[in-house]
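I have placed the structure first, in the form of structure tokens, so that the comments after it can refer back to it.
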Amino acid sequence: MKVIAAAVVGAACGAGWYFSLMAALERPCGYGPFACSVSRPLLYVPVLVVLWGAAAWGTLWLARVRPAWPVALAGTAIMTALAFALVLALLALLRWWALPVVVPFAGAVGYGLVAKATAGYRGRVRRR
0 MKVIAAAVVG AACGAGWYFS LMAALERPCG YGPFACSVSR PLLYVPVLVV LWGAAAWGTL
60 WLARVRPAWP VALAGTAIMT ALAFALVLAL LALLRWWALP VVVPFAGAVG YGLVAKATAG
120 YRGRVRRR
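Numbering (numbering that gives the first Met the number 0), first residue to last: 0 to 127.
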């Protein structure tokens with residue numbers, strides 16, 4: 000159940016990250032097309048990754064997925080890397096309308112994998 004809850008949170012945060020990034024990139028910019036196309040993604044992508052990672056941590060904690068912090072931290076990193084890799088690898092096959100599906104899928108996979116990996120973690124290291 001923990002993996003499913005984490006995957007749902009990951010998909011929701013992935014969709015929220017994608018749509019907030021698209022909304023931020025549509026804001027007007029008065030510095031010229033090259034400066035805006037380079038500087039804005041370099042600024043907005045990391046800020047939104049951190050904000051949606053914090054939102055994922057809070058949502059995972061409220062959903063009683065324990066421990067929430069490694070799932071949120073590593074899940075956000077895996078989601079970001081997987082989303083960019085999928086977008087770059089499938090750019091020739093996909094059209095831009097498919098991106099809102101790819102990013103939440105990457106979020107669900109990333110958060111689900113980390114939740115499965117940390118399923119038995121209780122904050123202690125077992126020694127034999």
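Every residue, glycine too, gets a C-beta built ideally from N, C-alpha and C. Fair warning: this is a prediction, and the values are worked out from it, not measured in the lab.
Have a look at Trp56 and Ala22 and give me their C-alpha separation to the nearest angstrom.
23 Å
What residue does the alpha helix (DSSP H) around Cys12 start on, and which one ends it?
Lys1 to Leu24
Run through DSSP, which three-state label would Thr117 get?
coil
Helix, strand or coil at Pro70 [DSSP, three-state]:
At residue 70 the sequence reads Val, which differs from the Pro that was named. Here Val70 sits in helix by DSSP.
Smallest Cα separation from Tyr110: which of Pro27, Met78 and Ala118?
Met78
According to DSSP, is Gly31 helix, strand or coil?
coil
How many angstroms separate the CA atom of Leu50 from the CA atom of Leu92?
30 Å
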